[in-house]
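Residue numbers (the numbering used here): 68 to 346.
No residue lacks a Cβ here, since even glycine has one placed at the ideal position from N, Cα and C.
On a predicted model such as this, the values are computed, not experimentally measured, just so you know.
Worksheet: one structure, shown below.
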């Protein structure tokens, strides 16, 4: 029996993911909270609309795979897996601590539901290509989702994987690019020329879409189109997201790649999120 879909709205799920992430950030007082808040709508769509999985059996062979290239986004994925019931909510207080199942960078050996160890950027899509090819050769109908960052579009290995996926006609592979235009040293577009992202992927032979990654209905529609596209080709969704989405006083900070928040500000951020809870 696959993961049962709740009647709770996706907006409520996205809200809960943001709140779980803020609570984890409060434990450490800092972290990659900007990315977690920004990508919450994408993760809500993946885990509560698109994917098949069993919360109580993360290694179920029939599951769709979710590969997180971006190891420092682990806080976001933990929040989604807590909301999905894969990880228990009472472990939030252990985030980033010694012996925790939720280290600050995602590691598959530590965390149920964490499919790969990320962090060395540019490798996730290649791993996803191999997994998608293996599943096709085994005759499975599972899909492989790979969340990667805009910064990874500057890695040559990413584009090698892009070409390989087309070569093998991997119509069971859906790449999702979180394009928040932020890297450790500044805007992504200042680090390496970027632009017309969807057109680039399409030129390589992918079915490509570009959407506002914080417009939940648009994200759902893009996932549906990617899943239902009938071409023998891989799919990609470029999601333009806003760092620290949902917490206005964090959204306006100059530095959002790694956020340090004063103790009293965590309470303020959580209170703001609570006030915006969808009905």
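Reduced DSSP secondary structure (H/G/I, E/B, other) of residue i
{"i": "residue 290", "result": "helix"}
{"i": "residue 278", "result": "strand"}
{"i": "residue 98", "result": "strand"}
{"i": "residue 316", "result": "helix"}
{"i": "residue 242", "result": "strand"}
{"i": "residue 83", "result": "helix"}
{"i": "residue 328", "result": "coil"}
{"i": "residue 177", "result": "coil"}
{"i": "residue 299", "result": "coil"}
{"i": "residue 231", "result": "helix"}
{"i": "residue 143", "result": "helix"}
{"i": "residue 268", "result": "helix"}
{"i": "residue 226", "result": "helix"}
{"i": "residue 162", "result": "coil"}
{"i": "residue 192", "result": "helix"}
{"i": "residue 92", "result": "helix"}
{"i": "residue 152", "result": "coil"}
Closest residue to residue i among the options (Cα-Cα distance)
{"i": "residue 285", "options": "126, 79, 83 and 112", "result": "112"}
{"i": "residue 249", "options": "91, 342 and 321", "result": "321"}
{"i": "residue 146", "options": "126, 170 and 165", "result": "170"}
{"i": "residue 182", "options": "153, 158 and 207", "result": "153"}
{"i": "residue 216", "options": "271, 239, 312 and 185", "result": "185"}
{"i": "residue 117", "options": "141, 334, 103 and 292", "result": "292"}
{"i": "residue 128", "options": "207, 190, 84 and 134", "result": "207"}
{"i": "residue 361", "options": "280, 300, 288 and 287", "result": "Because the chain spans 68 through 346 in this model, residue 361 falls outside it and cannot be assessed."}
{"i": "residue 237", "options": "245, 219 and 210", "result": "210"}
{"i": "residue 298", "options": "287, 342, 110 and 269", "result": "269"}
{"i": "residue 81", "options": "329, 122 and 287", "result": "287"}
{"i": "residue 107", "options": "202, 228 and 84", "result": "84"}
{"i": "residue 55", "options": "76, 194, 340 and 279", "result": "Residue 55 lies beyond the stretch modelled for the chain, which goes from 68 to 346, so this question has no answer here."}
{"i": "residue 201", "options": "132, 267 and 97", "result": "132"}
{"i": "residue 180", "options": "89, 101 and 168", "result": "168"}
With 16 other Cβ atoms within 10 Å as the buried cut-off, status of residue i
{"i": "residue 319", "result": "exposed"}
{"i": "residue 234", "result": "exposed"}
{"i": "residue 247", "result": "buried"}
{"i": "residue 345", "result": "exposed"}
{"i": "residue 263", "result": "exposed"}
{"i": "residue 230", "result": "exposed"}
{"i": "residue 336", "result": "buried"}
{"i": "residue 199", "result": "buried"}
{"i": "residue 327", "result": "exposed"}
{"i": "residue 295", "result": "exposed"}
{"i": "residue 334", "result": "exposed"}
{"i": "residue 173", "result": "buried"}
{"i": "residue 123", "result": "exposed"}
{"i": "residue 187", "result": "exposed"}
{"i": "residue 157", "result": "exposed"}
Per DSSP, cross-strand counterpart(s) of residue i
{"i": "residue 135", "result": "214"}
{"i": "residue 305", "result": "244 and 277"}
Straight-line gap, residue i to residue j (C-alpha atoms, nearest Å)
{"i": "residue 331", "j": "residue 86", "result": "16 angstroms"}
{"i": "residue 205", "j": "residue 176", "result": "24 angstroms"}
{"i": "residue 125", "j": "residue 226", "result": "30 angstroms"}
{"i": "residue 232", "j": "residue 290", "result": "18 angstroms"}
{"i": "residue 78", "j": "residue 151", "result": "14 angstroms"}
{"i": "residue 305", "j": "residue 224", "result": "18 angstroms"}
{"i": "residue 92", "j": "residue 142", "result": "8 angstroms"}
{"i": "residue 134", "j": "residue 114", "result": "12 angstroms"}
{"i": "residue 282", "j": "residue 313", "result": "12 angstroms"}
{"i": "residue 155", "j": "residue 243", "result": "26 angstroms"}
{"i": "residue 164", "j": "residue 99", "result": "15 angstroms"}
{"i": "residue 316", "j": "residue 277", "result": "27 angstroms"}
{"i": "residue 166", "j": "residue 139", "result": "18 angstroms"}
{"i": "residue 120", "j": "residue 218", "result": "29 angstroms"}
{"i": "residue 265", "j": "residue 311", "result": "24 angstroms"}
{"i": "residue 303", "j": "residue 196", "result": "13 angstroms"}
{"i": "residue 144", "j": "residue 137", "result": "10 angstroms"}
{"i": "residue 271", "j": "residue 161", "result": "43 angstroms"}
{"i": "residue 130", "j": "residue 110", "result": "16 angstroms"}
{"i": "residue 228", "j": "residue 212", "result": "14 angstroms"}
Check: residue i C-beta below 7 angstroms from any heavy atom of the ligand GTP
{"i": "residue 121", "result": "This structure simply doesn't include the ligand GTP, nor any ligand for that matter."}
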